[in-house]
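Visitor: Chains as they are written, first to last, in my numbering: chain A, 0 to 261; chain B, 0 to 261; chain C, 0 to 261; chain D, 0 to 261. Beta carbons: idealized from backbone N, C-alpha and C, even for Gly.
Number of protein chains: 4
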Amino acid sequence: MIDVQNSADHRGIAIQNVGINDIHLPFFIRKKGGGFLQVAATMRFTVSLPKEYKGTHMSRFIEILNDYALQPIAEEEMSAILEAALMRLNAASATLKIKFKYFVEKVAPVSGKRSLIDLDCSFFGEKQANAPMDFTLGVNVPFTSLCPCSREISEYGAHNQRSVCRLKLQFDNDTECIYIEDLTALIEKEASSPLYSLLKREDEKFVTEAAYNNPKFVEDVLRDVVIALRTLPGLKKFSVVCENFESIHNHNAYASHEETLA
Amino acid sequence: MIDVQNSADHRGIAIQNVGINDIHLPFFIRKKGGGFLQVAATMRFTVSLPKEYKGTHMSRFIEILNDYALQPIAEEEMSAILEAALMRLNAASATLKIKFKYFVEKVAPVSGKRSLIDLDCSFFGEKQANAPMDFTLGVNVPFTSLCPCSREISEYGAHNQRSVCRLKLQFDNDTECIYIEDLTALIEKEASSPLYSLLKREDEKFVTEAAYNNPKFVEDVLRDVVIALRTLPGLKKFSVVCENFESIHNHNAYASHEETLA
Amino acid sequence: MIDVQNSADHRGIAIQNVGINDIHLPFFIRKKGGGFLQVAATMRFTVSLPKEYKGTHMSRFIEILNDYALQPIAEEEMSAILEAALMRLNAASATLKIKFKYFVEKVAPVSGKRSLIDLDCSFFGEKQANAPMDFTLGVNVPFTSLCPCSREISEYGAHNQRSVCRLKLQFDNDTECIYIEDLTALIEKEASSPLYSLLKREDEKFVTEAAYNNPKFVEDVLRDVVIALRTLPGLKKFSVVCENFESIHNHNAYASHEETLA
Amino acid sequence: MIDVQNSADHRGIAIQNVGINDIHLPFFIRKKGGGFLQVAATMRFTVSLPKEYKGTHMSRFIEILNDYALQPIAEEEMSAILEAALMRLNAASATLKIKFKYFVEKVAPVSGKRSLIDLDCSFFGEKQANAPMDFTLGVNVPFTSLCPCSREISEYGAHNQRSVCRLKLQFDNDTECIYIEDLTALIEKEASSPLYSLLKREDEKFVTEAAYNNPKFVEDVLRDVVIALRTLPGLKKFSVVCENFESIHNHNAYASHEETLA
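1) Distance check for S255(D) and E242(D), CA to CA, integer angstroms please.
2) Which word fits E175(D), buried or exposed, when buried means at least 16 other C-beta atoms lie within 10 angstroms of its C-beta?
3) Taking I19(D) as part of the beta strand (DSSP E), name the residues at either end of that continuous run.
4) On the DSSP bridge list, what partners appear for E180(B)?
5) Helix, strand or coil for C146(B) per DSSP?
6) Who are H256(A)'s beta bridge partners in DSSP?
7) Please tell me whether L197(A) has its Cβ less than 7 angstroms away from any Cβ of chain C.
8) So is A254(A) in contact with chain D if we call contact Cβ pairs under 7 angstroms?
9) Return the residues of the stretch 34 to 66 of chain B that lie within a Cβ-Cβ distance of less than 8 angstroms from chain D, sorted by chain order.
10) For T41(C), does the three-state DSSP call read helix, strand or coil?
11) Reducing DSSP to helix, strand and coil, say where Y52(C) ends up.
12) Can you tell me where the beta strand (DSSP E) holding L168(C) begins and where it ends?
13) Give me the chain B residues within the contact set of E242(C), using Cβ-Cβ distance strictly less than 8 angstroms, ordered along the chain.
14) Measuring only the C-alpha atoms, how far is D219(A) from L118(D)?
15) For P232(D) and V239(C), I'd like the C-alpha separation in whole angstroms.
16) Who does D133(A) pair with in a DSSP beta bridge?
17) Flag V220(B) as yes if its beta-carbon sits less than 7 angstroms from any beta-carbon of chain A, otherwise no.
18) From which residue to which residue does the alpha helix (DSSP H) around L228(D) run?
19) Measuring CA to CA, which of V109(B), D171(B), V140(B) is closest to M132(B)?
20) Consider the C-beta atom of K96(A) and the heavy atoms of the ligand ATP; say whether any pair is separated by less than 6 angstroms.
21) The beta strand (DSSP E) spanning A7(D) covers which residue range?
22) Could you tell me the alpha carbon to alpha carbon distance between I28(D) and F123(B), rounded to whole angstroms?
23) So F205(B) is in the alpha helix (DSSP H); what residue range does that whole segment cover?
24) In chain order, what residues of the same chain have a beta carbon less than 8 angstroms from the beta carbon of A269(A), not counting five sequence neighbours either side?
25) Let me know the secondary structure DSSP gives I247(A) once reduced to three states.
26) Can you tell me where the alpha helix (DSSP H) holding S78(A) begins and where it ends?
27) Which of the three DSSP states, helix, strand or coil, is assigned to K191(B)?
28) Identify whether L234(A) lies in helix, strand or coil by the three-state DSSP scheme.
29) Are there 16 or more other CB atoms within 10 angstroms of the CB of M42(A), so buried, or fewer, so exposed?
30) First and last residue of the alpha helix (DSSP H) that includes S58(D)?
31) Given that a residue counts as buried once 16 or more other Cβ atoms are within 10 Å of its Cβ, and exposed if not, what is G156(B)?
32) Nearest-angstrom Cα distance between P147(A) and N139(B)?
33) Since P108(C) sits in a beta bridge, which residues does DSSP pair it with?
34) Counting only Cβ pairs nearer than 9 angstroms, list the residues of chain B close to I80(C).
35) Please classify G18(C) as buried or exposed, where buried requires at least 16 other C-beta atoms within 10 Å of its C-beta.
36) Could you check whether the stretch 28 to 39 of chain B touches the stretch 95 to 115 of chain B, counting it as contact only if at least three pairs of C-beta atoms, one from each stretch, sit closer than 8 angstroms?
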């Protein structure tokens, strides 16, 4: 049967990325403290295509992923998947992005009640032939923000709201990768208050007062997160987005920042 | 050219709804106080199909809508569109749902500054041959809610958040249809505070204190909205959903209720 | 500490549904053939609230769910969760909806290659005190549709596209619940062709020709699914939506139908 | 009343972007051939914040936008809005992104019937003080793709599907900006077939056969779009994403590419 994809192309255009998108597969993510969480990942998986070929072979992307489905996935496996793509698709470069919902256990501040909170996370890997993979960890941490201006100018009360901090982190290749649990705790320390799924009345009193005692603009959270990230061993590049879903507006307060560390 | 849709079907199944979905067209919505707002509507448009026919004629739905695109649309035009569908597609019943983003002008409570707020709205019409159309107006009103429990148990502060009230309203056929502007004002009166796009500092102080002075659970807002709706002249049926995007949780507080009025 | 929720309410409105929405938790779903798939479920969990009380107790919903998180969930557990809500929240009725992405293994028609396909699924339970739960299973099955009109009137080719069949099924309470895997296979038989994640060239030839040999309007798929569902033992109520993401339009062909069986 | 935002900050972090996000306002977009389309735009509007200040003034973003709401918006107005932000917020740089749904008229290939098709579009402007604005036009053009491999290896038929081409274009500052209508026509020429909202049977035959006669992989469409874009006068930078919503899979074929022109 003819292999149309393999036929010659004469347009002279080497395509930077070609592959599959919005494919869903289950994987296991290693939890801090042992054990795994199974996740339904959404993926984009591409390779570069030399100018000489008409097309890539889409089914091979699935064959490669199938070998890893329902298995643990982390930096090492991402690199192996990309290496397999470089080999089996004769490519000079390959990328893999996986997005998944992860759960972190939270302990209520007074009652000590335990509950799970969901975080949107991602792994992104990019690999050239014969080079180590560039790996980016993405974690979105939700939190409470309380407005310093509203608190200052009002006789009582202060507007506050759910917010989110979206991180993308790139570490040196020999750094031990940080756990999502630890990263979440790091970010939550810079919020007016962390979020919890389960709060009893004594906890609700605690987080209400804690947020009131710790008012922060979207700019404050962003700056304090930047300072916290700069201390992370091995971090070489990061971007941060903070967004407050303002309780007094139908739009959001937004701040973003990125840095490459020396 | 053969008309495959028009061929006989022998499975004996009269289909309740068949047509087009997720079609986008621009229309004009009449504003309170005169003038029109142009909107990009997303639509579902269906008819019933008798058991004798293999298929409906999808292009006729578009032809009917095209006659109304870039024109004002309200109850009268919805009814005319459905009547056209009944005639041109030989159907016993037809439905049309249009969803659009509408803008309402808000006046800041102290500074008097004006700004626009966006509301997700919908019209739904359902018509049998030789009967008046049943019409449902949908309006989603965003607002601020402040938690009575949090306020009561805390030394200072109270968690508050953006919330939304989703209404579906069905009026008697001879009722003059209410303006979205008036409905929005009606709902906002039952919130801890309305939302605004533009608030200067004196306004921010006002809405912060107003919300603190007016704490409401999701249940309170829902009940007060129910009481307010019961007074609307000509209203015969309604449903209400209230949802608070809790500032202390990563999930929402939710309440829903529906009534048929005597 | 005062229990504000528990205070008396004098508005005289019994709320039909109040609780939490958009909460995410991991559960296990039993697979056909043994074993479990872990899923990240999105949930809505509500109870009715008598007119005498100001509010429900939101944290108890989480406490109830926590007892079932990271455990298998099916009809029996749904019923137990609702029963717990009725008891612990003193409610007359309760509802629980969970949505999750499920994976079904598919075997390519010629090469026999195995791959996983993702389906959006849901469980919905509704329970009155001292009555059995009403349970609704939701499964969305993607498939290929090929247009009979396009095929008939064209010299060669025929437009085809990805489509989806959205089912909601309610069975008699003593019926053994059908597996998602079996339901998927039942629906796929009525499509122009099933979908697969992994197809080699010989498979691609097979599905292309199979779809061309089996042209179906959205009305055809819907009617054939209705006929297939009517044969399901114990099914007492169903709704079906079929939607084709038309390859020649930027909108969709749509059909819906529901039946209560004798 | 104290201006908390204006107070000194000692963390030493100049924030790259801070402002408002997900704000909705109506604007007018000039159509080719005269006249305007009113659109409901979704916007992100930011400035840089010097390290000396605690916060920016969020209400000023709204005040600036309000002067332009319900007015025409294009490159010139984007630049004026950004200039106003630089001045009123004392900023060194500012960005504005607006996204909106635009409608283009299509003429059916045989019947000549006219209908509107919706396109997701965006304007992005970025401005430093005392420098011209960098402007990026975004247009997403939907189209039909038909698979060359499927056609080649099958006895009859070929799988085809709805696809989309997502463009981001940056022109030299003195280039007359291209109309969305012309850009759409340029891209559609490289598809297996354009899409239409309204097709009569003679048109459906035409587009079915046209697509069959013009099979293209996602790689083919991308390469041909790249070649077409390279001919656009004044274009200095572009990115293209092509994505096929495969009719035989539940995932998409994807290709992306970007170039800076000499």
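Guide: On the basis of the data shown:
1) 9 angstroms
2) exposed
3) According to the DSSP assignment, I19(D) belongs to the beta strand (DSSP E) that extends over 14 to 29.
4) In DSSP, E180(B) forms no bridge with anything.
5) coil
6) V239(A)
7) Judged by the 7 angstroms Cβ criterion, L197(A) is in contact with chain C.
8) yes
9) L36, Q37, V38, A39, S58, I61, E62, N65
10) strand
11) In this structure, Y52(C) counts as strand in the three-state DSSP scheme.
12) 159 to 170
13) N20
14) Just so you know, the alpha carbons of D219(A) and L118(D) end up roughly 38 angstroms apart.
15) 51 angstroms
16) Within the DSSP bridge table, the entry for D133(A) names E125(A) as partners.
17) no
18) Note, L228(D): alpha helix (DSSP H), 217 to 229.
19) D171(B)
20) Questions concerning the ligand ATP fall outside what the structure shown contains, since it holds no ligand whatsoever.
21) Looking at the DSSP string, A7(D) is not in any beta strand (DSSP E), and its letter there is neither H nor E.
22) Between I28(D) and F123(B), the C-alpha separation is close to 29 angstroms.
23) 200 to 211
24) Past the edges of chain A, shown from 0 to 261, lies residue 269(A), and the structure says nothing about it.
25) coil
26) From DSSP, the alpha helix (DSSP H) with S78(A) extends over 74 to 87.
27) In the sequence as displayed, the identity of residue 191(B) is Ser instead of Lys. S191(B): coil per DSSP, three-state reduction.
28) strand
29) buried
30) 57 to 65
31) buried
32) 30 angstroms
33) Per DSSP, none; premise fails for P108(C).
34) Residues of chain B passing the Cβ test: none, with the nearest at roughly 16 angstroms.
35) Buried, by the Cβ-count rule.
36) yes
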